[in-house]
Amino acid sequence: MSDVKSPPQYIRSRGIRMPNNPKFITQKQRRLLRTGNYEIKEFEAIMKIVRPEDTVIEIGAGIGFMSTVIAKRKGAKKVVAVEANPGLIPHIKAVHEANDVSNVEVINAVLGPRKGPPVNFYVRGEFSASSLEDNVGDKHGGIVSTEKVEVMNINTLFKDLKPTILVCDIEGAEANLLPATDLSCLRAAVVELHPQWIGQDGIQAVFDAMHKAGLTYFPRLSQSKVVTFKKDW
């Protein structure tokens, strides 16, 4: 009889059960989840900003952790999680199922200012760095596959959903997407910026888009590249 123990089925992190699937969870992510430090800056902002009456849209759902936190820990009325990488969709849904979350809608799409034909989405070895850009060379594990992903009109989605909270981590696409979006329905937004890719002009474009929507930088819930914007504070 072997004494080798099989890895635990789930990783428990801040009240969330994450399926311990090495296909989707890297060693680094596993360590951060176990120590409660995975996406800690976004987590801390979300825990203080989201209310039960909120409708939340998350753009860049990743491994499904944040949408589960928003639905389970904060009890948001409705959550829509948008993820461009089709390979992550089954895992995101498995995370929701493992936590008895039923009020999250998962959408596999790239969001843009208008509906359009499928576009290339470049999946990298380090999947969290996957994006619409193919110009980062061998960084982040290089491109392991190219997927054709539907382009949805973000303004149509916002008009139908009427979100009050935006959570956004889209590897630099924020510089073009957010200025093209009517954000006036939001009362708050938590955005991870990527200055290494979008530069000063991209950062300014995000801040200008928020200002146009009546959302002001909120320093108390902002840390480094993770910035929070609020109305009426």
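Residues 0 to 232, numbered by numbering that gives the first Met the number 0, are exactly what the sequence shown covers, in order.
Glycine included, every Cβ here is placed at the ideal spot set by N, Cα and C.
Burial state of residue 216 (16 or more Cβ within 10 Å): Position 217 of the sequence shown, counted from the start, is the residue given in the question as residue 216. Its Cβ having fewer than 16 others within 10 Å, residue 216 is exposed.
Pull up the distance between the alpha-carbon of residue 49 and that of residue 167, whole angstroms please. Counting from 1 along the sequence shown, the entry for residue 49 is found at position 50. Counting from 1 along the sequence shown, the entry for residue 167 is found at position 168. Approximately 14 Å between the Cα atoms of the pair.
So is residue 11 buried or exposed if we call it buried at 16+ other beta carbons inside 10 Å? Position 12 of the sequence shown, counted from the start, is the residue given in the question as residue 11. Classification of residue 11: exposed, given that the 10 Å Cβ count is below 16.
Can you check which of these residues, 72, 73, 224, 62, is closest to residue 83 by C-alpha distance? For the purposes of this step, residue 83 is identified with residue 84 of the sequence shown, where counting begins at 1. Taking only the C-alpha atoms, the option nearest residue 83 is 62.
Where the beta strand (DSSP E) through residue 92 begins and ends: In the sequence shown, residue 92 corresponds to position 93, counting from 1. It is not in any beta strand (DSSP E) - residue 92 instead sits in the alpha helix (DSSP H) that spans 88-97.
Below 8 Å on the Cβ atoms is my contact criterion, and I expect residue 186 with residue 230 to pass it. Report the Cβ-Cβ distance as a whole number of Å. Against the sequence shown, residue 186 aligns to sequence position 187. Against the sequence shown, residue 230 aligns to sequence position 231. Contact flag correct, Cβ pair sits at about 5 Å.
Contacts around residue 75, its chain only, beta-carbon distance under 6 Å, and the 5 residues preceding and following it disregarded: To locate residue 75, count along the sequence shown from 1; it is residue 76. Only 49, 53, 55, 69 meet the Cβ criterion.
Hey, could you find the ends of the beta strand (DSSP E) residue 58 is sitting in? Along the sequence shown, one-based indexing puts residue 58 at 59. Residues 54-58.
Residue 174: which of 195, 155, 205 sits nearest, CA to CA? Position 175 of the sequence shown, counting from 1, holds the residue named residue 174. Here the closest residue by C-alpha is 205.
Which residues mark the beginning and the end of the beta strand (DSSP E) in which residue 16 is found? Walking along the sequence shown from the start, residue 16 turns up at place 17. 15-18 is the extent of the beta strand (DSSP E) around residue 16.
Just checking my contact of residue 77 with residue 107 at CB under 8 Å: how many whole Å lie between their CB atoms? As a working note, residue 77 is residue 78 in the sequence shown. As a working note, residue 107 is residue 108 in the sequence shown. Rounded, the Cβ-Cβ distance is 18 Å, inconsistent with contact.
Can you give me the start and stop residues for the beta strand (DSSP E) that residue 152 sits inside? Residue 152 sits at position 153 when you count from the first residue of the sequence shown. Note, residue 152: beta strand (DSSP E), 142-152.
Please report the straight-line C-alpha distance between residue 191 and residue 142, rounded to a whole angstrom. For the purposes of this step, residue 191 is identified with residue 192 of the sequence shown, where counting begins at 1. For the purposes of this step, residue 142 is identified with residue 143 of the sequence shown, where counting begins at 1. Whole-angstrom Cα-Cα distance: 22 Å.
For residue 100, which residues from the same chain have a beta carbon less than 7 Å from its beta carbon, with the 5 sequence-adjacent residues on both sides left out? If you number the sequence shown from 1, residue 100 lands on position 101. Result list for residue 100: 67, 70, 71, in chain order.
Give the DSSP bridge partners of residue 222, in chain order. Counting from one through the sequence shown, the residue named residue 222 turns up at place 223. Paired residues: 225.
Option in 154, 212, 226, 90 with minimal Cα separation from residue 193: Start at 1 with the first residue of the sequence shown, and residue 193 comes out as number 194. The residue with the shortest Cα to Cα distance from residue 193 is 226.
Under 8 Å between C-beta atoms of residue 178 and residue 153: Walking along the sequence shown from the start, residue 178 turns up at place 179. Walking along the sequence shown from the start, residue 153 turns up at place 154. No; because the gap between Cβ atoms is not below 8 Å, this pair is not in contact.
Would you identify the three-state DSSP class for residue 175, choosing helix, strand or coil? Here residue 175 refers to the residue found at position 176 when the sequence shown is read from its first residue. In this structure, residue 175 counts as helix in the three-state DSSP scheme.
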